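A.B. asks: The sequence shown begins at 1391 in our numbering and counts up one residue at a time. Note that the Cβ used here is the ideal one computed from N, Cα and C, for glycine as well. Computed from a prediction, not measured in an experiment: that's the story for all the values here.
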Amino acid sequence: MIRVGIGGWSFAPWRGLFYPQKLPAGEELAFASRHVTAIEINATFYRTQSRASFVKWREATPDDFVFAVKAHRAAVNARALSETGETIEHFLASGVTELSDKLGPILWQLPPYRRFHAEEIAAFLKLLPKKRGALRLRHALEVRHPSFLDEKFIALLRAENIAAVFVDSADPAIADATADFVYARLKHARDDRVIGYAAEELDLWARRAREWERGATPADLPHLAAPAKTSARDVFVFMIDGAKRRAPAAAQALIARLRA
């Protein structure tokens, strides 16, 4: 399955552009979740959210909707990633799993200064639990230092079934499929385009998403290792940053192409 969404749902410039002008702020999530198929929650990176908030978000959205959740910065910014077990547990115990079957991937975003050290990264990946009770947990790791351009990094992710986050504006940009799902964050939306991108650019992303879904590897994206064994994958594509006010339109336009 391919899901396409946006980062967050509370953004003032979306008022009158995406949201109806008179829509109450408390109804924005319900509205957004009926126009895109996933939302990346970013507030969880900056502040521990209450269990009640996760329940509220779950209940405001349709049955087939999914959230990605950005893990708290306390874990990814720690001096020693291999010693963050308690921090990871605190984050998960805060109420994340109250999203239940609407919980999609958990995004762990490393800071730009974090370099690749194989032993430390391997230890950190092993700290990320695969289940919480009966609920399966899926993890995606975003790296932002060029030292991660190493085939060993891909091998570590594949060993733990953790997705390497592909960011189209990143250095490094890593498009290797390393898990049974793909996580992409697109940041090239432009304000001079009503839908954020040129039509042919969204056509291209639709093709790439379909390739990922059927287990193929888009040949026009950067890779560090040999392609993974072909198998069907879930795909998550989020319109993030760039001209953010265009993100909902870009997501909806890509969804329309995928449904055509």
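Quick one: using the 10 Å Cβ neighbour count with 16 as the cut-off for buried, is P1638 buried or exposed?
C.D. replies: Looking at its Cβ environment, which holds 16 or more other Cβ atoms inside 10 Å, P1638 is buried.
A.B. asks: How would you label G1716, buried or exposed, when you count the other beta carbons within 10 angstroms and need 16 or more for buried?
C.D. replies: There is simply no residue 1716 to check, as the chain begins at 1391 and stops at 1650 in what is shown.
A.B. asks: In this structure, how does DSSP classify D1491 when only helix, strand and coil are distinguished?
C.D. replies: Helix at D1491.
A.B. asks: Helix, strand or coil, according to DSSP, for H1480 in the structure here?
C.D. replies: Correct three-state label for H1480: helix.
A.B. asks: Provide the residue span of the beta strand (DSSP E) that contains R1393, from first to last.
C.D. replies: That run of the beta strand (DSSP E) goes I1392 to G1397.
A.B. asks: Below 9 angstroms between beta carbons: does that hold for P1569 and R1623?
C.D. replies: Here residue 1569 turns out to be Ala, not Pro, going by the sequence shown. Result yes, Cβ atoms of A1569 and R1623 sit closer than 9 angstroms.
A.B. asks: Do the CB positions of I1396 and A1422 come within less than 9 angstroms of each other?
C.D. replies: Yes, these two residues count as a Cβ contact at 9 angstroms.
A.B. asks: Would you mind working out which of A1512, S1490, A1465 and K1520 sits nearest W1498, comparing C-alpha positions?
C.D. replies: Considering only alpha carbons, the answer is A1465.
A.B. asks: How long is the line joining the alpha carbons of L1539 and E1417, rounded to whole angstroms?
C.D. replies: Those two C-alpha atoms are separated by around 42 angstroms.
A.B. asks: Mark K1516 as exposed unless 16 or more other C-beta atoms lie within 10 angstroms of its C-beta, in which case mark it buried.
C.D. replies: Classification of K1516: exposed, given that the 10 Å Cβ count is below 16.
A.B. asks: What are the boundary residues of the alpha helix (DSSP H) that I1645 is part of?
C.D. replies: Note, I1645: alpha helix (DSSP H), A1637 to R1649.
A.B. asks: Per the contact definition of three or more C-beta pairs closer than 8 angstroms, is the region 1403 to 1413 in contact with the region 1626 to 1638?
C.D. replies: At 8 angstroms Cβ cutoff, the stretches touch.
A.B. asks: Would the region 1501 to 1516 count as touching the region 1581 to 1600 if we require 3 or more Cβ pairs under 8 angstroms?
C.D. replies: The region 1501 to 1516 vs the region 1581 to 1600: no contact.
A.B. asks: Quick one: give me the first and last residue of the beta strand (DSSP E) that K1460 is part of.
C.D. replies: Start and end: V1456 to K1460.
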